[in-house]
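Colleague:
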Amino acid sequence: MTSRRICCCGAATWSRVIGWIQIIGCAFVLVDLIFVLASLTTYTVQEEHQIATLSPKSDLVELEEANNVESGLILSYIVVIVMILVYVAGIAFGALLLKGSYQRIPQYLRFWIIYAAAATVIALIAVVMNGVGGSSVSIAGMVISALFTILLNGFCIWVVQIHLREIEHGASMGYSTQA
12 MTSRRICCCG AATWSRVIGW IQIIGCAFVL VDLIFVLASL TTYTVQEEHQ
62 IATLSPKSDL VELEEANNVE SGLILSYIVV IVMILVYVAG IAFGALLLKG
112 SYQRIPQYLR FWIIYAAAAT VIALIAVVMN GVGGSSVSIA GMVISALFTI
162 LLNGFCIWVV QIHLREIEHG ASMGYSTQA
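Numbering (our numbering), first residue to last: 12 to 190.
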């Protein structure tokens, strides 16, 4: 069975490259997020010390500001922890894509396609939310970012779908689905 050529490589090779890039990229971001979480913890300890050292005669405004900072820190913790979970899922789905590609397991590729489509929608929502209410420059940046997201993720989904069809076609032609 011949593999369809996309630019210079077959769909199987592209799928594996996509999986490896996803795993490596998510791992780098995950390391960065762990440093962010550590710096938030350091910042929280410093803020709690400052709140504890406020004198009873301190201005009430300072206490309100301290409470606002605390609320902001809690929200920051939640956002960073959710992002860590998202990137751990990205690593897991990248590994699933690789396993599905190397071992020719169509269901794993289907799971990755569903994940990638959902991740694309979520990324587009995040891009729009970041650009809402901004200047014309930030709106232009939002449009460019959205187009890039659609093109890149669309290409990846398209390539993996081609690889999925090749695996399914090979199975229906009596070829072994195991590598």
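Ideal Cβ positions, reconstructed from N, Cα and C, are used throughout, including at glycine.
1. Looking at the strands, I want to know which residues DSSP matches up with Cys20.
2. Nearest to Val93 by alpha carbon, out of Ile45, Val171, Ser156?
3. Determine, using beta carbons only, whether Gly30 and Trp123 come nearer to each other than 9 angstroms.
4. Let me confirm a value: Arg15 is counted as buried when at least 16 other C-beta atoms fall within 10 Å, else exposed. Which label applies?
5. Go to Gln118, then tell me how far its alpha helix (DSSP H) extends in each direction, as first and last residue.
6. Assign Trp147 to one of three DSSP states: helix, strand, or coil.
7. Which of the three DSSP states, helix, strand or coil, is assigned to Gln172?
8. Is it true that the CB of Ile178 sits closer than 9 angstroms to the CB of Leu108?
9. For Ile35 and Ile102, what's the separation of their Cα atoms in angstroms?
Modeller: In short:
1. Ile17
2. Ile45
3. yes
4. exposed
5. 117-142
6. Reading off the sequence, residue 147 comes out as Ser, not Trp. In this structure, Ser147 counts as helix in the three-state DSSP scheme.
7. helix
8. no
9. 8 angstroms
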